[in-house]
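Please read the structure below before turning to the comments.
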């Protein structure tokens with residue numbers, strides 16, 4: 278298996294089309310088909326199912342894909358190290374992140390870093406905890422700005438605390454008579470929960486209660502939760518960063534007992550990151 282075969286295989290997994298991959302990588306269509314066939318012969322099993330309007334990976338191909346991505350990423354890191362030694366800067370940094378971070382923190386970081394390192398390119402993928410961790414393990418991203426569940430086995434660099442708060446419709450009677458939300462009081466309210474796999478920190482704050490399992494609504498998008506609460510459909514718990522700039526139609530209370538999420542940089546192994554990625558992480562610490 279050579280790097281040319283790896284590049285074609287990974288690109289086919291993205292385009293699902295031999296013609297598009299041929300155009301993107303500068304091959305003829307028969308050339309791409311031949312490379313894929315040769316790779317399948319070397320592996321000893323089919324990697325893709327060819328159909329009239331494209332192709333899809335076989336289960337064996339899907340299983341092989343993360344390892345091939347990792348191989349290509351290691352090669353890219355090697356080339357970046359060589360150019361760094363030669364005093365040059367190049368490469369692509371692939372980052373996973375929450376929408377709240379990409380809205381409130383990343384723009385300033387990217388703007389200033391790009392001014393200083395204009396040849397570095399970026400790929401940003403937003404998602405919840407589960408989807409970001411999946412992207413990490415399948416090597417779609419180099420690292421992520423996120424909070425991590427307790428069972429995370431990679432490397433994590435904590436950068437900031439982000440307090441969890443309760444949000445109510447504007448003019449809430451509860452807020453008029455309370456300085457904090459006592460978490461147990463949620464059992465008497467219509468509770469709107471962030472969907473499973475999206476935010477472990479909120480579920481952790483409710484771990485000793487039955488409130489999460491009895492939630493009236495569950496949404497993946499935090500903006501949908503804010504909209505539902507502001508419309509009077511219930512109350513919810515989100516972080517201060519998530520509601521920043523979107524609390525005009527909300528009443529906000531601190532929690533009792535208090536709870537927070539720790540935001541930072543998560544990666545599988547810091548030692549395997551490219552020079553560009555390590556430089557960006559160090560630079561980002563000044564903005565959290």
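Numbering (the working numbering), first residue to last: 278 to 565.
Every residue, glycine too, gets a C-beta built ideally from N, C-alpha and C.
Here the structure is a predicted model, which is why all the values come from computation and not from measurement.
Cβ distance (whole Å) where residue i is taken to contact residue j below 8 Å
i, j, result
"residue 368", "residue 548", "The Cβ separation is near 17 Å, so there is no contact."
"residue 502", "residue 523", "Actually they do not touch by this definition, with Cβ atoms about 10 Å apart."
Beta carbon of residue i nearer than 9 Å to that of residue j
i, j, result
"residue 373", "residue 472", "no"
"residue 426", "residue 512", "no"
"residue 483", "residue 562", "no"
"residue 499", "residue 515", "yes"
"residue 456", "residue 531", "yes"
"residue 553", "residue 420", "no"
"residue 543", "residue 432", "yes"
"residue 439", "residue 540", "yes"
"residue 418", "residue 409", "yes"
Burial state of residue i, where buried means 16 or more other Cβ atoms lie within 10 Å
i, result
"residue 350", "buried"
"residue 538", "buried"
"residue 465", "exposed"
"residue 375", "buried"
"residue 280", "exposed"
"residue 322", "exposed"
"residue 508", "exposed"
"residue 357", "buried"
"residue 342", "buried"
"residue 278", "exposed"
"residue 461", "exposed"
"residue 448", "exposed"
"residue 520", "buried"
Collapsed DSSP secondary structure at residue i in the structure displayed
i, result
"residue 367", "coil"
"residue 537", "strand"
"residue 431", "coil"
"residue 484", "coil"
"residue 285", "helix"
"residue 293", "coil"
"residue 358", "helix"
"residue 558", "helix"
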